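Heads up: the structure comes next, in structure tokens.
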């Protein structure tokens with residue numbers, strides 16, 4: 818399966834600032850997704866990153882808070898905007914080109930102080 | 139809607155022994171798949187094994203095998219010969235029924251391997 822390089826691996830940010838997380842895949846993938854994992858919780862889907870168009874957001878997530886870009890089939894970014902301590906989580910990008918595969922980046926551990 | 143249930147919040151196993159992590163699922167789809175992931179303390183999600191609903195045999199990948207019982211809607215992960223490095227969170231997941239590639243995850247099981 819493909820390999821996703823995600824960065825940064827971790828960051829500590831001040832409230833009110835924004836952080837952009839990048840994911841680079843080593844081959845083209847059909848679908849890319851962004852997930853959030855709050856402390857002690859399971860993974861929750863934030864949005865589907867659509868190549869060349871606006872992302873599709875899940876209920877409870879909005880573009881103003883989590884703008885996403887996907888300029889091509891190998892790259893995507895997620896920005897966490899106007900951060901508050903409640904945004905402290907692990908953020909993971911995922912890729913898939915078929916129903917039998919779903920691989921993840923290394924994750925970004927975000928702490929907002 | 140699909141649902142994944144992992145009823146074991148935490149499990150202990152002695153090094154070199156086998157352990158079974160439970161996963162039950164609820165889906166109305168005829169064709170579906172089950173995934174298992176390992177998440178060490180670093181936070182990355184490591185793919186372990188996949189089982190398709192129409193696969194003729196239970197999936198195996200090295201020390202990982204899947205005990206797939208379709209009638210019971212269970213897809214338990216079996217880890218043989220446990221190692222200290224197996225200590226981690228383990229998540230079971232399935233795809234959503236909307237034909238997207240989005241995953242729905244269970245709540246996870248924390249496995250601790252004792253020396």
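Chains as they are written, first to last, in my numbering: chain A, 818 to 930; chain B, 139 to 253. For each residue, glycine too, the CB sits at the ideal point set by N, CA and C. Small disclaimer: the values here were computed from a predicted structure and weren't measured.
- For residue 182/B, the closest Cβ of chain A is nearer than 8 Å.
- Contact between the segment 858-871 of chain A and the segment 880-891 of chain A is present, with at least three C-beta pairs closer than 8 Å.
- About 6 Å separates the beta carbon of residue 214/B from that of residue 161/B, a gap short enough to meet the 8 Å contact definition.
- Residue 922/A is a Cβ neighbour of residue 821/A, given a cutoff of 8 Å.
- The shortest CA-to-CA distance from residue 201/B to any of 212/B, 219/B, 188/B is the one to 219/B.
- For residue 147/B, the three-state secondary structure derived from DSSP is coil.
- For residue 902/A, the three-state secondary structure derived from DSSP is helix.
- Taking residue 928/A as the centre and dropping the five residues before and after it, the same chain places the C-beta of 829, 905 closer than 6 Å to its C-beta, in chain order.
- A Cβ-Cβ contact shorter than 8 Å links residue 244/B with residue 859/A.
- Pairing residue 901/A with residue 827/A gives a Cβ-Cβ distance that is not under 8 Å.
- In the displayed model, residue 890/A falls within coil according to three-state DSSP, outside both helix and strand.
- Between the alpha carbons of residue 897/A and residue 158/B lies a gap of roughly 38 Å.
- Pairing residue 198/B with residue 174/B, the inter-Cα distance amounts to about 12 Å.
- A residue is called buried when at least 16 other Cβ atoms come within 10 angstroms of its Cβ; residue 879/A does not meet this threshold and is exposed.
- At a cut-off of 8 Å between beta-carbon atoms, residue 245/B makes contact with chain A.
- The beta carbon of residue 856/A sits no closer than 8 Å to any beta carbon of chain B.
- Between residue 846/A and residue 154/B, the alpha-carbon positions lie close to 38 Å from each other.
- In the three-state reduction of the DSSP assignment, residue 223/B falls in the helix class, which pools H, G and I.
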